[in-house]
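Structure, as structure tokens:
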Amino acid sequence: MKHIGVADTTFARVDMGGFAVDELRKTGTGFKTERYTVPGVKDLPVAAKKLIEERGCDVVIALGMPGSKQIDKTCAHEASTGLIQVQLQTNAHVIEVFVHEDEAKDDKELAWLAERRAREHAVNAYDLVFRPERLEANAGKGLRQGFDDAGSIQ
Amino acid sequence: MKHIGVADTTFARVDMGGFAVDELRKTGTGFKTERYTVPGVKDLPVAAKKLIEERGCDVVIALGMPGSKQIDKTCAHEASTGLIQVQLQTNAHVIEVFVHEDEAKDDKELAWLAERRAREHAVNAYDLVFRPERLEANAGKGLRQGFDDAGSIQ
Amino acid sequence: MKHIGVADTTFARVDMGGFAVDELRKTGTGFKTERYTVPGVKDLPVAAKKLIEERGCDVVIALGMPGSKQIDKTCAHEASTGLIQVQLQTNAHVIEVFVHEDEAKDDKELAWLAERRAREHAVNAYDLVFRPERLEANAGKGLRQGFDDAGSIQ
Amino acid sequence: MKHIGVADTTFARVDMGGFAVDELRKTGTGFKTERYTVPGVKDLPVAAKKLIEERGCDVVIALGMPGSKQIDKTCAHEASTGLIQVQLQTNAHVIEVFVHEDEAKDDKELAWLAERRAREHAVNAYDLVFRPERLEANAGKGLRQGFDDAGSIQ
Amino acid sequence: MKHIGVADTTFARVDMGGFAVDELRKTGTGFKTERYTVPGVKDLPVAAKKLIEERGCDVVIALGMPGSKQIDKTCAHEASTGLIQVQLQTNAHVIEVFVHEDEAKDDKELAWLAERRAREHAVNAYDLVFRPERLEANAGKGLRQGFDDAGSIQ
Chain A
1094 MKHIGVADTT FARVDMGGFA VDELRKTGTG FKTERYTVPG VKDLPVAAKK
1144 LIEERGCDVV IALGMPGSKQ IDKTCAHEAS TGLIQVQLQT NAHVIEVFVH
1194 EDEAKDDKEL AWLAERRARE HAVNAYDLVF RPERLEANAG KGLRQGFDDA
1244 GSIQ
Chain B
1094 MKHIGVADTT FARVDMGGFA VDELRKTGTG FKTERYTVPG VKDLPVAAKK
1144 LIEERGCDVV IALGMPGSKQ IDKTCAHEAS TGLIQVQLQT NAHVIEVFVH
1194 EDEAKDDKEL AWLAERRARE HAVNAYDLVF RPERLEANAG KGLRQGFDDA
1244 GSIQ
Chain C
1094 MKHIGVADTT FARVDMGGFA VDELRKTGTG FKTERYTVPG VKDLPVAAKK
1144 LIEERGCDVV IALGMPGSKQ IDKTCAHEAS TGLIQVQLQT NAHVIEVFVH
1194 EDEAKDDKEL AWLAERRARE HAVNAYDLVF RPERLEANAG KGLRQGFDDA
1244 GSIQ
Chain D
1094 MKHIGVADTT FARVDMGGFA VDELRKTGTG FKTERYTVPG VKDLPVAAKK
1144 LIEERGCDVV IALGMPGSKQ IDKTCAHEAS TGLIQVQLQT NAHVIEVFVH
1194 EDEAKDDKEL AWLAERRARE HAVNAYDLVF RPERLEANAG KGLRQGFDDA
1244 GSIQ
Chain E
1094 MKHIGVADTT FARVDMGGFA VDELRKTGTG FKTERYTVPG VKDLPVAAKK
1144 LIEERGCDVV IALGMPGSKQ IDKTCAHEAS TGLIQVQLQT NAHVIEVFVH
1194 EDEAKDDKEL AWLAERRARE HAVNAYDLVF RPERLEANAG KGLRQGFDDA
1244 GSIQ
């Protein structure tokens, strides 16, 4: 039985973690999910590390929704740097699912984007653990999560 | 008995650490607080680490008030990066409570903002240790500390 | 028998990992390649570390194609920082092969650039393991991968 | 007997380390100072670490004077990041005393600023080791080193 | 017998490593040099670490010539950050000798600058190992490597 961690925030304006858990359940079996909610994205790195080291997760999905101001961009950068460090300290993947508020033109698109990106990256996390050959088959295919795929130019 | 560390600075123009300690006392029992004051935000990471490793804290609230110039923004970024590293080295949460001088329109609002953010994040620190289910119940609710909540768009 | 890791992404719009593997085969013998495909460049650091520590690679080629927006530049910077950390944690070289979408004037040039840079850096990875004297002989020669060499000005 | 390290550079245009040592002697007793001079600010992190680990320092004052160009700002940022890492690796404080050339309107003010900031931070380093209660009493007081204090707004 | 490492790149347009080795030989005896050439500046951190840990170097001179575009500035920043990490992991100095292409007005000045900075920093590396008192005597003297010294303003 594998464990998939889902770390998310009270700062996000959409229940991204809930969508990730729902999509994982639709995608396959053989795992249980562990949920961990923190205030903001800068709290996600240690939450991911604790999910891996204290709650036995094999992979973690870390979801957040940084704001549109410069200070929010800086926070997101610090959080991302921490999420990479966690992976190098644990040799486990942590899939970052960040949706920046200014990626969308209004709240409706933002909610749509957050759900779709959360769902698509949940499948990526599943694939890293259960079917890595599916990722290798898509190497260089220009895949995107949320908005449409860019596609191959080869 | 849990220990909650409160690290703050002589640089800040408001006794943010004092407000955090006061709010913790109003919020619950079962813990004692450890105070550690340093000159500026770049001294907070090692103070937080020492609170955890040398004084047995289970969680730390790190409070600071970076100035409004570019150099201050850079200092805050360096401090934030260090605070994340501390968490990954100790597997303990360090809640960063930074109020940037240019977030407020005047000194009065700045003082108000610093107090309110310190108090609201003190509750977050308490929740991480004593009632994590309260955070999970608020996942994706668009919560903010200081200014008004953004709210859910789901 | 040496092991050369090839880590790449489904985000890239060209099968850069495939070109690297092909070029390695044309360059020499005495090694086998290990392929590892992840969603995006920020997933490359832990993939490189796992290739080295779990699959015995002596060197890794990490290939990606960051987009042209500011957020993509930030992602690439975070990934690069992580790739350097991996090297310092393992004492093994990880050759970063990133092609930024805005380096090329159109998709055709982008595809050409991605292939050529992947191939030329594959040879660098081979040289680091099998013939370091070839690199030393080219010290200060203004070599480039992808576009033309800048050349020596001595 | 405590040890206080003083790390400085040949790049600075003022003998900041000399002022720090002088101020420490005026401030108290019960310690000896260890001096370590390096070329530039990017050499300070390892100098600070060696002062702590190889020469037994309990705290280090790291002094430098970055130039006014963008590249100098970047160097200072890298050095600051390193100084924070040193502290997290050793659990010892390293007080950074940087004076940026463009903080002052001319050389005369720059020399004055460098001396005053070096002296005031030397006292902070002393306080961290010998009288931390003095720092706690000044929490939130808006203290500055070099230019005038900003003061409390509470 | 001490060992001095010289790490350089095939990307640089001047044989900076060659100048460093030549200057070391003119400066003193009691050491041997170890050369290590890599493709670009981002490969220098692990090269420096391997020189220290696998080839017994007491100090390393890491030389590179970043380009003038923003992406080159970012690469240099990542490399510099890595070089500082190497020092903190090994407690050995790594003297960074970077010459940015846009520091010089033309290729002729660039070649002159690269040689002079390489030579002057080679002496700094020698001094850190063999005569640190020479650096201490120059604390705060406003020394520069390459262009003219700024001088003291005290």
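Residue numbers (the numbering used here), protein chains in the order written: chain A, 1094 to 1247; chain B, 1094 to 1247; chain C, 1094 to 1247; chain D, 1094 to 1247; chain E, 1094 to 1247.
Note that beta-carbon positions come from the ideal geometry of N, C-alpha and C, so glycine has one too.
For residue i, write down the residues that DSSP places opposite it in a beta bridge.
i	result
A/Thr1130	A/Asp1101
B/Phe1124	B/Lys1095
Rounded to the nearest angstrom, what separates residue i and residue j at their Cα positions?
i	j	result
D/Glu1189	C/Ser1245	40 Å
E/Phe1191	C/Asp1199	33 Å
E/Ala1049	E/Val1187	What is shown of chain E runs 1094 to 1247, which leaves residue 1049 of chain E out entirely.
D/Ile1145	D/Ile1097	9 Å
E/Thr1120	E/Ala1155	18 Å
D/Leu1307	D/Arg1128	For chain D, the structure presents residues 1094 to 1247; residue 1307 of chain D sits outside this window and is missing.
E/Ala1113	E/His1214	8 Å
D/Asn1252	D/Arg1209	The structure shown has nothing for residue 1252 of chain D, since chain D only spans 1094 to 1247.
E/Gln1182	D/Val1179	10 Å
B/Tyr1174	D/Ala1197	This sequence places Thr at residue 1174 of chain B; Tyr is not what is there. Between B/Thr1174 and D/Ala1197, the C-alpha separation is close to 28 Å.
E/Lys1201	B/Lys1201	58 Å
B/Pro1100	A/Lys1162	One detail in the question is off: residue 1100 of chain B reads as Ala in this sequence, not Pro. Roughly 27 Å between the two C-alpha positions.
B/Glu1143	E/Ala1243	The question names Glu, yet the displayed sequence has Lys at residue 1143 of chain B. Their Cα atoms are separated by approximately 40 Å.
B/Arg1212	E/His1193	48 Å
D/Arg1237	D/Glu1147	32 Å
C/Ala1169	A/Pro1159	18 Å
A/Asp1115	D/Pro1225	51 Å
A/Asp1241	C/Gln1247	49 Å
E/Leu1137	B/Tyr1219	45 Å
B/Asp1108	B/Thr1102	8 Å
D/Phe1223	B/Cys1150	22 Å
D/Asp1195	E/Lys1166	21 Å
Where does the unbroken beta strand (DSSP E) through residue i begin, and where does it stop?
i	result
E/Gly1157	Val1152 to Gly1157
A/Asp1189	The sequence shown places Glu at residue 1189 of chain A, rather than the Asp named in the question. Run containing A/Glu1189: His1186 to Phe1191, per the beta strand (DSSP E) assignment.
Determine the extent of the alpha helix (DSSP H) in which residue i is found, giving its start and end residues.
i	result
E/Val1216	Asp1200 to Phe1223
A/Gly1175	Gln1163 to Thr1183
D/Ile1145	Leu1137 to Glu1146
B/Phe1112	Met1109 to Thr1120
Pop quiz: residue i and residue j are said to be a contact at Cβ under 8 Å. What is the actual Cβ separation, rounded to whole angstroms?
i	j	result
A/Met1094	A/Gly1123	7 Å
D/Gly1111	E/Gly1233	7 Å
B/Gly1157	B/Leu1206	B/Gly1157 to B/Leu1206, Cβ: 13 Å. No contact.
B/Ala1105	B/Lys1135	Not quite, the Cβ-Cβ distance comes to about 13 Å (not below 8 Å), so this is no contact.
B/Val1152	B/Leu1221	6 Å
E/Leu1228	D/Thr1130	4 Å
C/Val1139	A/Asn1184	7 Å
Against chain B: residues of the stretch 1125-1152 of chain A by CB proximity under 9 Å | Per Cβ criterion, the list reads Arg1128, Tyr1129, Thr1130, Val1131, Pro1132, Gly1133, Lys1135, Asp1136, Pro1138, Val1139, Ala1140, Lys1142, Lys1143, Glu1146 and Glu1147.
Residues from the stretch 1178-1191 of chain B in contact with chain D, defined by Cβ distance under 9 Å | So the close ones are Gln1178, Val1179 and Gln1182.
Using a Cβ-Cβ cut-off of less than 9 Å, give me the residues of the stretch 1200-1212 of chain A that come near chain B, in sequence order.
-> Cβ contacts with chain B: Asp1200, Lys1201, Leu1203, Ala1204, Ala1207 and Glu1208.
Listed from N- to C-terminal order along the chain, which residues in the stretch 1099-1117 of chain D have their beta-carbon within a distance smaller than 8 Å of any beta-carbon of chain E?
-> Flagged, chain order: Asp1101, Thr1102, Thr1103, Phe1104, Ala1105, Arg1106, Val1107, Asp1108, Met1109, Gly1110 and Gly1111.
Chain B contacts made by the stretch 1160-1177 of chain A, where a contact means CB separation under 7 Å = If the cut-off is 7 Å between Cβ atoms, the stretch 1160-1177 of chain A has Ile1164, Thr1167, Glu1171, Thr1174 and Gly1175 near chain B.
Residues in the stretch 1231-1245 of chain A with C-beta within 8 Å of chain C's C-beta atoms, listed in sequence order?
-> Within the stretch 1231-1245 of chain A, those residues whose Cβ lies closer than 8 Å to any Cβ of chain C are, in chain order, Asn1231, Ala1232, Gly1233, Lys1234, Gly1235, Leu1236, Arg1237, Gln1238, Ala1243, Gly1244 and Ser1245.
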